[in-house]
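Novice: This is the structure I want to talk about, given as structure tokens.
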Amino acid sequence: MRRVLAYLLRIGGSIAITAAVVVQLQRSITNEGSGQGEVGFVIQNFFSFFTIESNVLAAIVLFVGIFTLSGRPEPRGWSMFRAAVTAYMATTGVVYNLLLRGIELPQGATVPWSNEILHVVGPAVMVLDWLIAPGRRRLHAKALWGIVAFPLLWAGYTLARGVMVLDPRTDKPWYPYPFLDPNTSPNGYYSVGFYVVLIAMVIGVVGSGVLWVSRVRRRAA
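Residue numbers for the sequence shown follow my numbering, beginning at 157 and rising by one.
Here it is, written out as structure tokens:
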């Protein structure tokens, strides 16, 4: 029964997330109406959102998982990758619904149903898949370093890109989220640093929970 439910989650989740990403990208490109070569900049920005990157990874994990679901334990590296993406998606859901819901992000007009899939449905599917799908490996606490590495690299990339790349429409630095923009944050880089540390802590806590679940389920089995 768990395997059947996991199949349904992975098939439905991969289709829904892919559709949500594609439709929102199309809307963002369509809204770029200046015709002055800025579409490429919009596409680069779109894939600079942690939400989009997490959902793309989630769609890959769910799609590949359709073909790897069996009664045998999956490769440890794949379990580690699944754990990391699950932590990213769960964090995306938590951060968005606590800090960003109701705020218009600089990605063009938001497609409502796509937005809900990317920030609510997708994270829920990944968490459920981690909880019920058979085959995952027992992961130790030291694997947390691998989980937090990508978000920290993403934060560094985002801050560096914001300084070096100007939005051709406004001639101002571009940041995917308001709380990462030192030019509009109340205390500049101090506020940005606070939020980076806060998000890292949230990912660390969520990642620790994901790893703990893998060990509890393995012992229960």
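Glycine included, each C-beta is placed from N, C-alpha and C at the ideal position.
What is the DSSP secondary structure of P229, counted as helix, strand or coil?
Specialist: P229 falls in the coil class under three-state DSSP.
Novice: Near F202, what residues of its chain come up, given a Cβ to Cβ distance below 7 Å and the 5 sequence neighbours on each side ignored?
Specialist: Excluding residues within five positions, the ones whose Cβ falls inside 7 Å are L181, S184, I208, Q263.
Novice: Rounded to whole angstroms, what is the Cα-Cα separation between R375 and L295?
Specialist: Only weak support exists for where R375 lies, its pLDDT of 42 falling under 50; the coordinates are left without a value.
Novice: Do the region 265-285 and the region 313-332 make contact, defined as three or more Cβ pairs closer than 8 Å?
Specialist: With the cut-off at 8 Å, the region 265-285 and the region 313-332 do not touch.
Novice: Indicate the three-state DSSP secondary structure (helix, strand or coil) for I273 in the structure shown.
Specialist: DSSP places I273 in helix when its eight states are reduced to three.
Novice: Could you tell me whether the region 305-313 touches the region 346-357, using the rule of 3 or more Cβ pairs below 8 Å?
Specialist: With a cut-off of 8 Å, the region 346-357 and the region 305-313 count as touching, because enough Cβ pairs lie within range.
Novice: May I ask which residues mark the beginning and end of the alpha helix (DSSP H) holding L254?
Specialist: That residue, L254, is in no alpha helix (DSSP H); it is neither H nor E in DSSP.
Novice: Is the CB-CB distance between P279 and M245 below 7 Å?
Specialist: Yes, the pair counts as a contact, with Cβ atoms nearer than the cut-off.
Novice: With the cut-off set at 7 Å, would you say I167 and I222 are in Cβ contact?
Specialist: In this structure, I222 lies closer than 7 Å to I167 by Cβ.
Novice: Are the beta-carbon atoms belonging to Y331 and D337 less than 7 Å from one another?
Specialist: For Y331 and D337, yes; Cβs fall inside 7 Å.
Novice: Just checking my contact of E194 with P334 at CB under 8 Å: how many whole Å lie between their CB atoms?
Specialist: With a Cβ gap of about 21 Å, E194 and P334 do not count as contacting.
Novice: Could you tell me the boundaries of the alpha helix (DSSP H) in which M209 lies?
Specialist: A small fix is needed here, since residue 209 is Glu in this sequence, not Met. Segment 206-224, the alpha helix (DSSP H) holding E209.
Novice: Could you have a look at N322 and say whether DSSP puts it in helix, strand or coil?
Specialist: One detail in the question is off: residue 322 reads as Leu in this sequence, not Asn. Strand at L322.
Novice: In its own chain, which residues sit with a C-beta less than 6 Å from the C-beta of V267, not counting the 5 before and 5 after it?
Specialist: Cβ neighbours of V267 beyond the five flanking positions: V179, Q180, R183.
Novice: If you run the structure through DSSP and keep just helix, strand and coil, what is P332?
Specialist: Here P332 sits in coil by DSSP.
Novice: Can you give me the Cβ contacts of L218 inside the same chain, cut-off strictly under 6 Å, excluding the 5 residues immediately before and after it?
Specialist: So the list reads R166, G169, S170, once near-sequence residues are dropped.
Novice: Is the CB-CB distance between V250 and A214 below 7 Å?
Specialist: Result no, Cβ atoms of V250 and A214 do not sit closer than 7 Å.
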